[in-house]
Amino acid sequence: MTKSHKKASVFRTALRVAVEGRARHASRFVNGALRMLDDEALKARGIDRNALTGDRSFRALV
Numbered sequence: 001m002t003k004s005h006k007k008a009s010v011f012r013t014a015l016r017v018a019v020e021g022r023a024r025h026a027s028r029f030v031n032g033a034l035r036m037l038d039d040e041a042l043k044a045r046g047i048d049r050n051a052l053t054g055d056r057s058f059r060a061l062v
């Protein structure tokens, strides 16, 4: 038995795109703020500076 899936509405798609965009914006903001910290402060929080440079995704923080 297979279920047929409804195609996402235009509004749901627009909301998903807007939320993903805001998430990317927040990740860039946080990564930029973390780059301003010194190495000792980053190390105390368990963050590697090399993971922050270049990669602007949230996965860089995990």
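Using this note's numbering, read the sequence shown as starting at 1 and increasing by one per residue.
For each residue, glycine too, the CB sits at the ideal point set by N, CA and C.
Here's a check: name, in chain order, each residue in its chain whose Cβ is nearer than 6 Å to the Cβ of residue i, leaving out the five neighbours to either side.
i: Phe29; result: none
i: Leu52; result: Asn31, Leu34, Arg35, Ala60
Look up residue i in the DSSP assignment and say whether it is helix, strand or coil.
i: Ser9; result: coil
i: Gly32; result: helix
i: Gly46; result: coil
i: Asp39; result: helix
Counting only beta-carbon atoms, is residue i nearer than 7 Å to chain D?
i: Ala23; result: Absent from the structure is chain D; it holds one protein chain and no more.
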